[in-house]
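A.B. asks: Below is a structure I'd like to ask you about.
Residue numbers (my numbering), protein chains in the order written: chain S, 42 to 238; chain U, -3 to 458.
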């Protein structure tokens, strides 16, 4: 008998009588907050930076202003034009992106309760990009903010299937050495979210 | 610090005693973990619906345990449809052999691995090392203990027992950082450079799995460092190793678990990265290894079944007064602390018979558990099982038998109490000696002059 059949047979023999799935409706006393305020407060609290782009403001200029003039910005966003494009060769050899200073991409939505943004490979093209860059920059429409992870997964579901998707909340970090927080473990050392009007 | 958890043979109490020789260090260990427990409290209290989340998570997991057969086959079918390969391993040996075979098929001898308690449970690193494969653990804490020839002492905080000066010295030896530099920022920077080179050059990446979704066939991996993503997205082959209990029915259930996991573990609102792997990237491979290794047996043990709900947050360790003052290595098992003390005896009752006794049964673990596992009650249950099997620690078994005999004879009990009070007053060394484990690190209380019965009899009349 294969291990598969053996495991499945023993699981079937040992599992208890079926227990129904619980209702996922949030109770009346669940947390409520101002989504924008909570998002900014939370993301700032976990080491991220939030910059608002106001109506009529030139997004490109604001983005440039937010970083060193000398930084190279690789742009895979559909919202903002300009900057450097993703080289085709990177699909074969993503390691060549190791020297990308800043990667700029669109996020689908943000989550107020934890400062996370949802990005999908289909949006940013190459799976490794938001992790291998030294600094991550994300464009996020203000009206896309959702209160919590329950709403977030409803939205994920509504957006259709993905191959790879990730919630990112702040820069890569570690506290493994005596619980001292250090930003920039293996991935980006900073994360900037540009909130679009 | 030199204890290798899988090699030590002494019982937990003896290893804990060794750990307690350095009082300052024990106090530091204790306080660090308590600080993390306090961060967890703050995070939990900021969510008014916290108790609803715990109950809902527990109920979802109860459904999973009751429907595991169908959820496993559903997950497998979906994962295959997504283009992943699915492997089934009955035990640790088969798991290790499957991983090794995938490496051989891809002609790879150097790999990176992000945190996976399952691979620790299976002894994968040691097995692959014996087969000439070089495994680099990429979680910073895991890399530190790996360089030191140890295993993690905590499932979330692998090197919580290491001081920064010692890490500075370790890095000086292995990564050639300047001697005497113990700055966490600097040392993390050195590790970043050291591990980037591994990420950029290694073609197979192993990860653990936090959640596997039956409905979609995807696996979800949570890290703060981004090491799972750096490893997998820069490699041609991703091997995701998971225990069969990691299943959840639907994607929407992640809304509950992602709110609980990081808050319970470290007090963060969410891990930095919550990565959803549904399909392998074009031209690349995704292998998912489903491991039983005693889980289907535990499923059939009614008293211990709920231990399979565990999402490996580590909150029970951070709050446990025994764990905090004995260190993870004293448990000699990949998953230490209260939950490990339930899981380990399921795998090998004889080998881990000491663990259910490494608890005060205070219940703090049960109170913080995000999936409401009745941890301290299961530890108590294990003690009874072990007595029945004749596997309880010798001294305890004898003293419990005597206590049972004495408590069944009220007249004799009263006489014994009187004798003990007199003896304790006149010759306290009878209990204040090294043969009595209760006297270790404790003062015995002064014996009362009379028993409660005597006091009551006297005062009732007055």
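For each residue, glycine too, the CB sits at the ideal point set by N, CA and C.
With DSSP as the reference, please indicate the residues paired to residue 108 (chain U) in a beta bridge.
C.D. replies: Position 112 of the second chain holds residue 108 (chain U). Partner(s): U:132, U:201.
A.B. asks: Give me the Cα-Cα distance between residue 140 (chain U) and residue 115 (chain U), rounded to the nearest whole angstrom.
C.D. replies: On the second chain, residue 140 (chain U) is found 144 positions in, with the first residue counted as 1. On the second chain, residue 115 (chain U) is found 119 positions in, with the first residue counted as 1. Each residue's alpha carbon lies about 17 Å from the other.
A.B. asks: Give me the subset of the stretch 176 to 201 of chain S whose CB atoms are less than 9 Å from a CB atom of chain U, sorted by chain position.
C.D. replies: Answer in chain order: 189, 190, 191, 192, 193, 194, 195, 197, 198.
A.B. asks: Helix, strand or coil for residue 329 (chain U)? Go by DSSP, reduced to three states.
C.D. replies: Counting from one through the second chain, the residue named residue 329 (chain U) turns up at place 333. The answer is coil: DSSP assigns residue 329 (chain U) none of H, G, I, E or B.
A.B. asks: Would you kindly report the start and end of the unbroken beta strand (DSSP E) that includes residue 272 (chain U)?
C.D. replies: The residue labelled residue 272 (chain U) in the question sits at position 276 within the second chain. Here the beta strand (DSSP E) through residue 272 (chain U) covers 269 to 273.
A.B. asks: Cβ of residue 15 (chain U) within 9 Å of Cβ of residue 249 (chain U)?
C.D. replies: Here residue 15 (chain U) refers to the residue found at position 19 of the second chain. Here residue 249 (chain U) refers to the residue found at position 253 of the second chain. Result no, Cβ atoms of residue 15 (chain U) and residue 249 (chain U) do not sit closer than 9 Å.
A.B. asks: What residues from chain U crowd round residue 172 (chain S), counting only those whose CB sits closer than 7 Å?
C.D. replies: Indexing the first chain from 1 puts residue 172 (chain S) at position 131. Correct list: 222, 225, 226, 229.
A.B. asks: Between the beta-carbon of residue 152 (chain U) and the beta-carbon of residue 142 (chain U), is there less than 9 Å?
C.D. replies: Position 156 of the second chain holds residue 152 (chain U). Position 146 of the second chain holds residue 142 (chain U). Going by C-beta atoms, residue 152 (chain U) is not nearer than 9 Å to residue 142 (chain U).
A.B. asks: Please state whether the Cβ-Cβ distance between residue 312 (chain U) and residue 254 (chain U) is less than 9 Å.
C.D. replies: Position 316 of the second chain, counted from the start, is the residue given in the question as residue 312 (chain U). Position 258 of the second chain, counted from the start, is the residue given in the question as residue 254 (chain U). Not closer than 9 Å, so no.
A.B. asks: Who are the Cβ neighbours of residue 272 (chain U) in its own chain at under 7 Å, not counting the five residues just before and after it?
C.D. replies: As a working mapping, residue 272 (chain U) is identified with position 276 in the second chain. If we look at residue 272 (chain U) and ignore the five residues flanking it on each side, its Cβ neighbours are 214, 216.
A.B. asks: For residue 358 (chain U), which three-state DSSP category applies?
C.D. replies: Taking the first residue of the second chain as 1, we reach residue 358 (chain U) at position 362. Residue state, collapsed to three classes: coil.
A.B. asks: Taking the beta carbon of residue 206 (chain U) as the centre, do at least 16 other beta carbons fall within 10 Å, making it buried, or is it exposed?
C.D. replies: Position 210 of the second chain, counted from the start, is the residue given in the question as residue 206 (chain U). By the 10 Å Cβ count, residue 206 (chain U) comes out buried.
A.B. asks: Pairing CB atoms from the stretch 121 to 131 of chain S with CB atoms from the stretch 163 to 175 of chain S, are three or more of them under 8 Å?
C.D. replies: In short, these stretches touch, since the Cβ pair count reaches three.
A.B. asks: Where do the ends of the beta strand (DSSP E) carrying residue 141 (chain S) lie?
C.D. replies: As a first step, residue 141 (chain S) must be located in the first chain, where it is residue number 100. Careful: residue 141 (chain S) lies outside any beta strand (DSSP E) and carries neither H nor E.
A.B. asks: Just the C-alpha distance for residue 353 (chain U) and residue 332 (chain U), rounded to the nearest angstrom, thanks.
C.D. replies: Translated into the one-based positions of the second chain, residue 353 (chain U) becomes position 357. Translated into the one-based positions of the second chain, residue 332 (chain U) becomes position 336. Near 13 Å, if we compare the C-alpha coordinates of residue 332 (chain U) and residue 353 (chain U).
A.B. asks: Is any beta-carbon of chain A found at less than 9 Å from that of residue 133 (chain U)?
C.D. replies: This model lacks chain A altogether, as its protein chains are S and U.
A.B. asks: Can you confirm whether residue 78 (chain S), when its beta carbon is compared against all beta carbons of chain U, has any partner nearer than 9 Å?
C.D. replies: The residue you call residue 78 (chain S) lines up with position 37 of the first chain. Cβ-Cβ to chain U under 9 Å: no for residue 78 (chain S).
A.B. asks: Could you name the residues that DSSP lists as bridge partners for residue 116 (chain S)?
C.D. replies: Within the first chain, numbered from 1, the residue matching residue 116 (chain S) stands at position 75. Its beta-bridge partners are S:145.
A.B. asks: Let me see if you follow: with CB-CB separation under 9 Å, is residue 148 (chain S) close to chain U or not?
C.D. replies: To locate residue 148 (chain S), count along the first chain from 1; it is residue 107. Not closer than 9 Å to any Cβ of chain U, the Cβ of residue 148 (chain S) fails to qualify, so no.
A.B. asks: Closer than 7 Å by beta-carbon distance: list the chain S residues that pair up with residue 303 (chain U), in chain order.
C.D. replies: Counted from its first residue, the second chain places residue 303 (chain U) at position 307. What residue 303 (chain U) touches in chain S: nothing, since even the nearest Cβ is about 14 Å away.
A.B. asks: I'd like to know if residue 47 (chain S) contacts chain U, where contact means its C-beta is closer than 9 Å to some C-beta of that chain.
C.D. replies: For the purposes of this step, residue 47 (chain S) is taken as the residue at position 6 of the first chain. Interface residue, yes.
A.B. asks: Using 10 angstroms around the beta-carbon of residue 99 (chain S), count the other beta-carbons present and answer buried if the total reaches 16, otherwise exposed.
C.D. replies: Residue 99 (chain S) sits at position 58 when you count from the first residue of the first chain. When all chains shown are included, residue 99 (chain S) counts as exposed.
A.B. asks: Taking all protein chains shown into account, do 16 or more other C-beta atoms lie within 10 angstroms of the C-beta of residue 152 (chain S), making it buried, or fewer, making it exposed?
C.D. replies: Here residue 152 (chain S) is taken as the residue at index 111 of the first chain, counted from 1. Residue 152 (chain S) should be labelled buried.
A.B. asks: Among S:50, S:84, S:70, which one has its Cα closest to the Cα of residue 186 (chain S)?
C.D. replies: What you label residue 186 (chain S) is simply residue 145 of the first chain in a count that begins at 1. Taking only the C-alpha atoms, the option nearest residue 186 (chain S) is S:84.
A.B. asks: Kindly indicate which residue of U:370, U:369, U:309, U:100 has the alpha-carbon position closest to the one of residue 258 (chain U).
C.D. replies: Locating residue 258 (chain U) in the second chain gives position 262, where the first residue counts as 1. Checking every option, the nearest Cα to that of residue 258 (chain U) belongs to U:309.
A.B. asks: Is the beta carbon of residue 196 (chain U) closer than 9 Å to that of residue 54 (chain S)?
C.D. replies: For the purposes of this step, residue 54 (chain S) is taken as residue 13 along the first chain, with counting starting at 1. For the purposes of this step, residue 196 (chain U) is taken as residue 200 along the second chain, with counting starting at 1. The answer is no: Cβ separation not under 9 Å.
A.B. asks: Find out if the Cβ-Cβ distance for the pair residue 188 (chain U), residue 231 (chain U) is shorter than 9 Å.
C.D. replies: Position 192 of the second chain, counted from the first residue, corresponds to residue 188 (chain U). Position 235 of the second chain, counted from the first residue, corresponds to residue 231 (chain U). Taking 9 Å as the Cβ cut-off, residue 188 (chain U) and residue 231 (chain U) do not qualify as a contacting pair.
A.B. asks: Whose C-beta lies closer than 6 Å to the C-beta of residue 80 (chain U) among residues of the same chain, with five residues either side of it excluded?
C.D. replies: Taking the second chain and counting its residues from 1, the one referred to as residue 80 (chain U) is at position 84. Hits under 6 Å: 282, 284.
A.B. asks: Pull the bridge partners of residue 214 (chain S) from the DSSP assignment, please.
C.D. replies: Position 173 of the first chain, counted from the start, is the residue given in the question as residue 214 (chain S). DSSP output for residue 214 (chain S) lists S:224 as bridge partner(s).
A.B. asks: Using 9 Å as the threshold, is the C-beta distance between residue 303 (chain U) and residue 339 (chain U) below it?
C.D. replies: Start at 1 with the first residue of the second chain, and residue 303 (chain U) comes out as number 307. Start at 1 with the first residue of the second chain, and residue 339 (chain U) comes out as number 343. Cβ distance < 9 Å, so residue 303 (chain U) and residue 339 (chain U) count as in contact.
A.B. asks: Measure the C-alpha to C-alpha separation of residue 25 (chain U) and residue 176 (chain U) and round it to an integer number of angstroms.
C.D. replies: One-based indexing of the second chain puts residue 25 (chain U) at position 29. One-based indexing of the second chain puts residue 176 (chain U) at position 180. For residue 25 (chain U) and residue 176 (chain U), the distance between alpha carbons rounds to 22 Å.
A.B. asks: Going by other Cβ atoms of all chains shown within 10 Å of its Cβ, with 16 needed for buried, is residue 236 (chain U) buried or exposed?
C.D. replies: Sequence index remark: in the second chain, residue 236 (chain U) carries index 240 (1-based). Residue 236 (chain U) is buried by the Cβ-count criterion.
A.B. asks: Hey, residue 136 (chain U) and residue 218 (chain S): beta-carbon distance below 9 Å or not?
C.D. replies: Within the second chain, residue 136 (chain U) is the residue found at index 140, counting from 1. Within the first chain, residue 218 (chain S) is the residue found at index 177, counting from 1. Result yes, Cβ atoms of residue 136 (chain U) and residue 218 (chain S) sit closer than 9 Å.
A.B. asks: Give a single yes or no on whether residue 128 (chain S) has its beta carbon closer than 8 Å to a heavy atom of the ligand HEM.
C.D. replies: Ligands are entirely absent from the displayed structure, and the ligand HEM is therefore not among its contents.
A.B. asks: In whole angstroms, what separates the C-alpha of residue 377 (chain U) from that of residue 336 (chain U)?
C.D. replies: Residue 377 (chain U) sits at position 381 when you count from the first residue of the second chain. Residue 336 (chain U) sits at position 340 when you count from the first residue of the second chain. When rounded, the distance between both Cα atoms is 14 Å.
A.B. asks: Could you tell me whether the Cβ of residue 156 (chain S) comes closer than 9 Å to any Cβ of chain U?
C.D. replies: Sequence index remark: in the first chain, residue 156 (chain S) carries index 115 (1-based). Judged by the 9 Å Cβ criterion, residue 156 (chain S) is in contact with chain U.
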